[in-house]
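Trainee: Have a look at this one.
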Amino acid sequence: MVNKVSQLPAGHGLNAETLTFGDLAADGVVDPVKVTRSAVLNAASVARMVLTTETAVVDKPEEEEDGHGHAH
7 MVNKVSQLPA GHGLNAETLT FGDLAADGVV DPVKVTRSAV LNAASVARMV
57 LTTETAVVDK PEEEEDGHGH AH
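Per the numbering used here, the sequence shown starts with residue 7, numbered consecutively.
Rendered as structure tokens:
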């Protein structure tokens with residue numbers, strides 16, 4: 007099995023769902039490394055935007071009413 011996969015062209019491998027060898031991207035098989043890489047790139051993009059704008063959007067805290075819970 008390892009010999010077969012190592013001889014395949016880049017991007018090809020074993021589709022564990024169908025137990026066939028082929029182009030994994032064409033078969034819709036997601037590469038976990040690509041998913042992780044994409045998540046890191048997206049996080050870096052957000053961090054870069056926050057650092058360059060020096061601004062973040064947050065919820066405004068609600069103000070407490072005077073009276074300490076006593077209604078008159």
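Ideal Cβ positions, reconstructed from N, Cα and C, are used throughout, including at glycine. Quick caveat, the model's predicted, so the values are computed rather than measured.
If you run the structure through DSSP and keep just helix, strand and coil, what is THR61?
Mentor: In the sequence shown, the residue the question calls residue 61 occupies position 55. Three-state DSSP puts THR61 in coil, outside helix and strand.
Trainee: If I follow the unbroken alpha helix (DSSP H) through LYS66, where does it start and stop?
Mentor: The residue labelled residue 66 in the question sits at position 60 within the sequence shown. It is not in any alpha helix (DSSP H) - LYS66 carries neither H nor E in the DSSP assignment.
Trainee: Would you please state the rounded distance, in angstroms, between the beta carbons of VAL35 and ASN21? I believe it to be under 8 Å.
Mentor: Residue numbering aside, residue 35 sits at position 29 when the sequence shown is read from its first letter. Residue numbering aside, residue 21 sits at position 15 when the sequence shown is read from its first letter. That pair is a contact at about 6 Å.
Trainee: Runs of 3 residues minimum, wholly inside the stretch 17–56: which ones carry the beta strand (DSSP E) assignment?
Mentor: Qualifying beta strand (DSSP E) stretches, in chain order: 18–21 and 26–29.
Trainee: Using C-beta distances below 8 Å, list every residue in its chain close to PHE27, excluding the 5 sequence neighbours before and after it, in chain order.
Mentor: Here residue 27 is taken as the residue at index 21 of the sequence shown, counted from 1. For PHE27, where only same-chain residues beyond five positions count, the Cβ hits under 8 Å are LYS10, VAL11, LEU14, HIS18, GLY19, LEU20 and ASN21.
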